[in-house]
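Engineer: Got a structure for you, written out below as structure tokens; questions coming shortly.
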Amino acid sequence: MKKDTVTIQPDSWLVSAGRPLEMGSPLNVPLMPASNFVIGEGREYSRDDGTPTWEALEAILGGLEGGNSVAFSSGMAAIAAVFDQLAASSLVALPDDCYQGVAGLSIAGAENGRWRVKRIGVEDTAGWIEACAVADLVWLESPSNPLLTVADLPTICAAPRKSGSILAVDNTFATPLNQRPLDFGADISVQSATKFIGGHSDLLAGVATTKNDALFHKLRKARELTGATPGTLEAFLAVRGARTLAIRLERAQQSAMKLAEQLEKHPLVKCVRYPGLPSHATYDVAKRVLNGFGTIISFDLDGSVEFADKICRSTELISHATSLGAVESTIERRAAIPGQEHLPPALLRISVGIENADDLINDLKTAIEKARG
Ligand SMILES: Cc1ncc(COP(=O)(O)O)c(C=O)c1O
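Convert by adding 52 to the 1-based position in the sequence shown; the result is the number in the working numbering.
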């Protein structure tokens with residue numbers, strides 16, 4: 053990554069990118085609530101032309117992923133803008149395990165006759181390679197939500213693709229610090245900035261990034277036409293959050309490793325899914341592809357759904373809440389959410405935050421004891 057004259061690492065980029073440069077300007081990009089601007093040579097209307105606050109977020113994320121970013125009102129808005137690029141009757145290749153919102157969008161579009169969908173196992177590299185040759189949109193999510201299966205993105209992205217097709221990766225779980233899909237050859241990388249980028253569970257935002265100029269302009273046009281623009285405060289907070297992403301991620305993923313190892317030894321836990329555990333189905337791929345194993349752990353209990361629900365209600369430090377990637381740890385039973393029927397019913401997903409790792413381990417162990425009664 054290049055500042056004016058020096059090459060810097062991604063953690064320094066996160067702190068320094070997207071700042072105003074003019075002499076006398078504030079160090080931080082101002083929160084600029086503006087719909088319209090005085091007509092002249094520059095921007096006129098923010099839905100079409102953006103604002104400096106959104107552009108700071110785009111500059112940070114674009115540089116981090118190695119492309120140009122378009123910021124949206126949410127991760128789903130960014131994802132919908134990618135799906136909007138499809139012509140009628142297109143074929144979408146979609147992972148068998150992925151964020152339920154994307155699965156829902158795909159199913160709804162298929163039911164309306166907008167496209168056809170083929171589901172492929174995240175770990176089925178040969179299946180993805182075949183799909184690349186015929187699909188109009190190859191949609192990957194890795195590590196996947198919530199089973200944390202890691203796709204062999206370098207191999208899949210290098211496979212020959214149908215002419216005019218798009219290969220997009222939902223990079224939310226990895227963040228651009230752990231994985232840079234555009235470097236592997238993906239056309240678009242998407243982040244739900246609601247998660248790790250914002251990092252404090254206080255905003256909704258999304259970002260799509262591409263090296264391809266034509267796609268960049270199409271994504272901006274999709275934002276303009278659908279009005280899926282980021283909120284000003286949300287963009288400001290996402291920039292604020294991005295400044296600390298590297299240290300938050302480093303701390304939380306160290307704790308996640310410790311917690312996963314402890315869970316694996318627990319007699320009431322049947323299976324722990326964490327890409328950093330040698331027992332994980334795609335551990336070898338994860339080691340090769342990811343720079344870090346992330347902060348999300350899923351585990352199946354040797355017990356009932358009621359037992360799993362009781363654990364969620366019994367933790368005191370870990371909040372019983374959905375979402376992920378924030379400073380505070382959260383736990384939830386994912387199969388409780390409609391559209392997640394493929395999951396083991398008692399599977400719990402934890403997003404590890406930046407609390408003390410031993411406190412998290414104690415909280416979870418105590419909650420399991422309490423729930424067992
Ligand atoms: C992997 C993944 N992608 C996309 C989204 C959607 O993001 P948003 O809630 O910002 O629309 C989520 C939300 O949980 C997610 O987990």
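Using N, Cα and C, we set each Cβ at its ideal position, and we do this for glycine too.
State the Cα-Cα distance for the pair I240 and P233, rounded to the nearest angstrom.
Structural biologist: Cα to Cα, the separation comes out at about 8 angstroms.
Engineer: On the premise that P327 lies in contact with F345, defined as a C-beta separation below 8 angstroms, what is that separation, rounded to the nearest angstrom?
Structural biologist: Yes, they are in contact, since the Cβ atoms of F345 and P327 sit about 5 angstroms apart, within 8 angstroms.
Engineer: Just list the residues that DSSP pairs N88 with in beta bridges.
Structural biologist: For N88, which the question treats as bridged, DSSP gives the partners Y97.
Engineer: In the DSSP assignment, find the beta strand (DSSP E) that holds I249 and state where it starts and stops.
Structural biologist: First-last for I249: undefined, no H or E at that position.
Engineer: How long is the line joining the alpha carbons of Q152 and L329, rounded to whole angstroms?
Structural biologist: When rounded, the distance between both Cα atoms is 25 angstroms.
Engineer: Give the single residue among N88, A178 and G115 whose Cα lies nearest to the Cα of T59.
Structural biologist: Nearest option by C-alpha distance: G115.
Engineer: F124 and V259 - do their beta-carbons sit closer together than 9 angstroms?
Structural biologist: Against a cut-off of 9 angstroms, the Cβ pair of F124 and V259 comes out as a contact.
Engineer: Does the beta-carbon of G427, which I'm using as the reference point, lie nearer than 8 angstroms to any heavy atom of ligand 1?
Structural biologist: Residue coverage of the chain in this structure runs from 53 to 425, which leaves residue 427 outside it and unanswerable.
Engineer: Quick test of your reading: R401 and Q392, contact by CB under 8 angstroms. State the CB separation rounded to the nearest angstrom.
Structural biologist: The pair is not a contact, with the Cβ atoms about 10 angstroms apart (cut-off 8 angstroms).
Engineer: Please name the residue or residues paired with W191 in a DSSP beta bridge.
Structural biologist: Bridge partners of W191: A220.
Engineer: Any chance the segment 351-370 sits against the segment 408-418, with 3 or more Cβ pairs inside 8 angstroms?
Structural biologist: In short, these stretches touch, since the Cβ pair count reaches three.
Engineer: Helix, strand or coil for F124? Go by DSSP, reduced to three states.
Structural biologist: The answer is strand: DSSP assigns F124 an E or B state.
Engineer: Among the residues of its own chain, which have a CB less than 8 angstroms from the CB of S375, if the five just before and after it don't count?
Structural biologist: Once the five neighbours on either side are set aside, the close Cβ partners of S375 are T246, K247, S253, T382 and S403.
Engineer: Between the beta-carbon of A145 and the beta-carbon of L189, is there less than 9 angstroms?
Structural biologist: Yes, they are a contact pair.
Engineer: Which of the three DSSP states, helix, strand or coil, is assigned to K54?
Structural biologist: It is a strand residue.
Engineer: Look at the alpha carbon of F288 and the alpha carbon of G102, and state the distance between them as a whole number of angstroms.
Structural biologist: Cα-Cα distance, rounded: 13 angstroms.
Engineer: So what does DSSP say about S331, is it helix, strand or coil?
Structural biologist: S331 falls in the coil class under three-state DSSP.
Engineer: Measuring alpha carbon to alpha carbon, tell me which residue in V291, R213, I406 and A210 is nearest Q306.
Structural biologist: Nearest of V291, R213, I406 and A210 to Q306, Cα basis: I406.
Engineer: At what residues does the beta strand (DSSP E) containing V324 begin and finish?
Structural biologist: It spans V321 to R325 - the beta strand (DSSP E) in which V324 sits, taken as one unbroken run.
Engineer: Would you check if the distance between the CB atom of R275 and the CB atom of T284 is smaller than 9 angstroms?
Structural biologist: In this structure, T284 does not lie closer than 9 angstroms to R275 by Cβ.
Engineer: P147 by DSSP, collapsed to three states: which one?
Structural biologist: DSSP places P147 in strand when its eight states are reduced to three.
Engineer: Under 8 angstroms from any heavy atom of ligand 1, does the C-beta of G114 make it?
Structural biologist: For ligand 1, not one heavy atom lies less than 8 angstroms from the Cβ of G114.
Engineer: Between D188 and chain C, is any beta-carbon pair separated by less than 9 angstroms?
Structural biologist: Of the protein chains in the structure, only one exists, and it is not chain C.
Engineer: Grab me the residues of V186's own chain with a C-beta within less than 7 angstroms of its C-beta, minus the 5 sequence neighbours each way, in chain order.
Structural biologist: Within the same chain, V186 has close Cβ partners L143 and K214.
Engineer: Would S98 and S87 be called neighbours here (beta carbons separated by less than 9 angstroms)?
Structural biologist: In this structure, S87 lies closer than 9 angstroms to S98 by Cβ.
Engineer: So, under 8 angstroms CB-CB, I349 and V324 are touching, yes? Tell me the CB distance rounded to an integer number of Å.
Structural biologist: I349 to V324, Cβ: 7 angstroms. Contact.
Engineer: Can you pull the DSSP bridge partners for G258?
Structural biologist: Note: G258 sits in a beta bridge opposite F124 and S244.
Engineer: With 16 as the cutoff for other CB atoms within 10 Å, does T201 come out buried or exposed?
Structural biologist: Classification of T201: buried, given that the 10 Å Cβ count is 16 or more.
Engineer: In this structure, how does DSSP classify S142 when only helix, strand and coil are distinguished?
Structural biologist: In the structure shown, S142 sits in a strand (DSSP, three-state: E or B).
Engineer: Could you check the C-alpha separation between T278 and L315 for me, to the nearest Å?
Structural biologist: If I take the Cα positions, the gap works out to 45 angstroms.
Engineer: Beta carbon of P147, beta carbon of L219: below 9 angstroms?
Structural biologist: No, Cβ-Cβ distance for P147 and L219 is not below 9 angstroms.
Engineer: Ordered along the chain, which non-local residues of its own chain (more than five positions away) have a Cβ less than 6 angstroms from that of P228?
Structural biologist: The answer, listed in chain order, is L116 and E117.
Engineer: Kindly list the residues whose CB is nearer than 6 angstroms to the CB of K170, restricted to its own chain and excluding five residues on each side of it in sequence; keep chain order.
Structural biologist: Cβ within range, chain order: A145.
Engineer: Just the Cα atoms here: how many angstroms apart are R365 and T347?
Structural biologist: Cα-Cα distance, rounded: 21 angstroms.
Engineer: Does the beta-carbon of S381, which I'm using as the reference point, lie nearer than 8 angstroms to any heavy atom of ligand 1?
Structural biologist: Not under cutoff, so the answer is no.
Engineer: Run the proximity test for T201: is its beta-carbon closer than 8 angstroms to any non-hydrogen atom belonging to ligand 1?
Structural biologist: Answer for T201: no, Cβ out of range of ligand 1.
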